[in-house]
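There are 2 protein chains.
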Amino acid sequence: MKQIDDATRMLARLPGLGPRSARRIVQHLLTRRDNLLLPLAEELRRLADSLAVCSVCGNWDERSPCSLCVDAKRDRSLLCVVEQIADLWALERSACYRGQYHVLGGVLSALNGIGPDDLRLAKLEQRVQSAEIQEVILATNLTLEGQTTAHYIAARLTRMGVKASRLARGVPIGGELDYMDEGTLSTAIEARQKII
Amino acid sequence: MKQIDDATRMLARLPGLGPRSARRIVQHLLTRRDNLLLPLAEELRRLADSLAVCSVCGNWDERSPCSLCVDAKRDRSLLCVVEQIADLWALERSACYRGQYHVLGGVLSALNGIGPDDLRLAKLEQRVQSAEIQEVILATNLTLEGQTTAHYIAARLTRMGVKASRLARGVPIGGELDYMDEGTLSTAIEARQKII
Numbered sequence: 144m145k146q147i148d149d150a151t152r153m154l155a156r157l158p159g160l161g162p163r164s165a166r167r168i169v170q171h172l173l174t175r176r177d178n179l180l181l182p183l184a185e186e187l188r189r190l191a192d193s194l195a196v197c198s199v200c201g202n203w204d205e206r207s208p209c210s211l212c213v214d215a216k217r218d219r220s221l222l223c224v225v226e227q228i229a230d231l232w233a234l235e236r237s238a239c240y241r242g243q244y245h246v247l248g249g250v251l252s253a254l255n256g257i258g259p260d261d262l263r264l265a266k267l268e269q270r271v272q273s274a275e276i277q278e279v280i281l282a283t284n285l286t287l288e289g290q291t292t293a294h295y296i297a298a299r300l301t302r303m304g305v306k307a308s309r310l311a312r313g314v315p316i317g318g319e320l321d322y323m324d325e326g327t328l329s330t331a332i333e334a335r336q337k338i339i
Numbered sequence: 144m145k146q147i148d149d150a151t152r153m154l155a156r157l158p159g160l161g162p163r164s165a166r167r168i169v170q171h172l173l174t175r176r177d178n179l180l181l182p183l184a185e186e187l188r189r190l191a192d193s194l195a196v197c198s199v200c201g202n203w204d205e206r207s208p209c210s211l212c213v214d215a216k217r218d219r220s221l222l223c224v225v226e227q228i229a230d231l232w233a234l235e236r237s238a239c240y241r242g243q244y245h246v247l248g249g250v251l252s253a254l255n256g257i258g259p260d261d262l263r264l265a266k267l268e269q270r271v272q273s274a275e276i277q278e279v280i281l282a283t284n285l286t287l288e289g290q291t292t293a294h295y296i297a298a299r300l301t302r303m304g305v306k307a308s309r310l311a312r313g314v315p316i317g318g319e320l321d322y323m324d325e326g327t328l329s330t331a332i333e334a335r336q337k338i339i
């Protein structure tokens, strides 16, 4: 049946799914037409309709500015710069950060032809200049491109007289030394901390 | 955002997905609102709308009787009985069978309270009686319940004077003896075949 094949092919393109798992999902959906297939179609449609990108930080929400940007309880002197919205979500799940965010929408990459103008950098400098921000945490990924981007932004912010910081590096919680790469281990040794 | 959480929770209930993979899929969909999220919602909606259960064999299709049942090129003297529509699809993918199908919609199970009246058995006997069917292949799963069901149906068909057969058992193609259970190995030894 063409509809089934089309839906399977489309689902198989989603991250983490392949032809086999997509087929299993379609079969599951088909046996639950009224209480899963239709509601899911409806839910995705609603998601698409309600989606807005925050004009301030770049987060997704139902409105712009987003609920994080208008939350009066969040610290307005701290700004955390992340690559993607997914990173913002990860930090929010950890519930350890109560400042503002700024989503770059990518990283500098000569290989992919992404330069400073392709990121939300102008908006970042505008926010930093106009507002009461005292510190910018550059929480880009610890990849080569993520760190290049962080250094580039840090240099610009320092020229503007804004304090720039980065996340601590080391062995992750639950990490086993045997599975860590040499870079992580040497960083962890160099930045070792006093116990008491 | 409530919409995002709702969609994530719904996707996480699909087979093979969990909260983490569902979130990844939602993030993927959100970054591709117009060329993936909306089309997928539309596709699932279309799938639900076009879905019909074949009144003859129990397959899913756009119409009833389904395209397999009306296909004049398929052998009408052979009928293959399967538990689920997914099994029918698996056989169709192998492209080794060109007869008709009959989907039971389950297996006999005292544990789950499923008796003969809960399966599409009356329809099966009606088909076998009225049509030119000469052999019924009982292709239920090789589980305890699948085989109980096959024996039950075989007994009824034999009483009606219809030939009932089952799939061959043995080591699957690509199978390694080291990973086979004892039941499979003893079956394969007992049913060993002459090479030339």
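Line by line, the protein sequences are chains A and B.
Per the working numbering, residue 144 is the first one in the first sequence, and the count goes up by one each step.
Per the working numbering, residue 144 is the first one in the second sequence, and the count goes up by one each step.
Note that CB positions come from ideal geometry on N, CA and C, so glycine has one too.
Using beta-carbon distances, A/LEU310 does not count as an interface residue toward chain B, since no partner is under 7 Å. Judged by DSSP in its simplified three-state form, A/ILE280 adopts strand. Look at B/GLY159: its C-beta is under 7 Å from a C-beta on chain A.
Closer than 9 Å at the C-beta level to chain A, one finds no residue of the stretch 250 to 265 of chain B.
Taking the C-beta atoms as reference points, A/GLY249 is found nearer than 7 Å to A/ILE257.
Under the DSSP definition of a beta bridge, B/ALA297 lacks any partner. Taking the Cα of A/ALA298 as reference, the smallest distance to any Cα among A/ALA274, A/VAL196, A/GLU268, A/GLU333 is reached at A/GLU268. Taking the C-beta atoms as reference points, B/HIS171 is found nearer than 7 Å to A/PRO158.
Around A/HIS171, the beta-carbon contacts reaching into chain B at under 7 Å are LEU157, PRO158. Apart from sequence neighbours up to five positions away, the residues of its chain that approach B/ALA331 with a beta-carbon distance below 6 Å are GLY313, VAL314, ordered along the chain. If you check the CB distance, A/SER308 and A/ILE280 come in under 7 Å.
For B/SER193, the C-beta contacts it makes with chain A under 7 Å involve GLN146, in order along the chain. Just measuring C-alpha positions, the residue of B/LEU251, B/ASP260, B/SER329, B/LEU264 sitting nearest B/THR292 is B/LEU251. Within its own chain, the residues whose Cβ lies closer than 8 Å to the Cβ of B/LEU183, once the five positions on either side in sequence are excluded, are LEU172, listed in chain order. In the three-state reduction of the DSSP assignment, A/CYS239 falls in the coil class. By the Cβ test, the stretch 159 to 169 of chain B is not in contact with the stretch 222 to 232 of chain B, since fewer than three Cβ pairs between them sit closer than 8 Å. Following the DSSP letters along the chain, one finds B/VAL314 in no beta strand (DSSP E), marked with neither H nor E.
Closer than 7 Å to the CB of B/ALA184 there is at least one CB belonging to chain A. B/ALA265: not part of any beta strand (DSSP E); member of the alpha helix (DSSP H) spanning 264 to 273, first to last residue. In the structure shown, B/ARG189 adopts helical secondary structure according to DSSP, grouped into three states.
Taking 7 Å as the cut-off, the Cβ atoms of B/SER207 and B/GLN277 do not count as close. Ranked by Cα distance from B/HIS245, the options B/ASN202, B/LEU254, B/ARG176 are led by B/ASN202. Under the Cβ criterion of 7 Å, B/ARG189 is counted among the residues facing chain A.
With 16 or more neighbouring CB atoms inside 10 Å of its own CB, A/SER164 falls in the buried class.
Inter-residue distance for B/LYS266 and A/LEU234 is about 57 Å (C-alpha atoms, whole angstroms). Around the beta-carbon of B/ARG241, fewer than 16 other beta-carbon atoms lie within 10 Å, marking it exposed. Residue pairing from DSSP places A/TRP203 in a beta bridge opposite A/VAL196. Going by DSSP, A/ALA165 is part of the alpha helix (DSSP H) stretching over 162 to 173. The continuous alpha helix (DSSP H) containing A/LYS145 extends over residues 145 to 155. Per the DSSP secondary-structure output, A/VAL225 pairs in a beta bridge with A/VAL246.
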